[in-house]
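The opening residue of the sequence shown carries number 1 in the UniProt record's numbering; numbering runs sequentially from there. Just so you know, even glycine gets a beta-carbon here, dropped at the ideal spot from N, CA and C. Just so it is clear, the structure is predicted and the values come from calculations on it, not from any experiment.
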Amino acid sequence: MIDKISYSPMNIMSPVKPKASSGEGAADLGKQFGSFLNDAVNNLNDQQKQVDQLNESIIKGELSDVHQLTIASEKASLGLELTVQVRNKVLEAYQEMMRMQV
């Protein structure tokens, strides 16, 4: 069925309201970001350990499916590339902030 067209204006933009202060300062946010990065690096390390274990299993002949090793290896590789790119962007942002004149 065809819906009836209304001629009343739609409220496309809702009024912007400031967020309530959560009491988090820059130091708290810095600690949260640091713990996030630490967890990401630990996760990347776990992925690399899994690849090493699968690699040893292939060498010993315990694992016959090479696809598992390939998939785990690609996941670890992509994770490493992502980590390096995030590090580069963070360093670039830090250097840009240091170049700012107050």
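Query                                                                                     : Result
Limits of the alpha helix (DSSP H) - the one that residue 35 falls within                 : 26 to 60
Residue 38 vs residue 79 beta-carbon contact at 9 Å                                       : no
Nearest-angstrom Cα separation, counted from residue 48 out to residue 97                 : 34 Å
Beta-carbon spacing of residue 54, residue 73 below 9 Å                                   : yes
Cβ pair residue 66, residue 59 closer than 9 Å                                            : no
Where residue 51 falls, given that 16 or more other Cβ within 10 Å makes a residue buried : buried
Simplified DSSP state of residue 100, which is helix, strand or coil                      : coil
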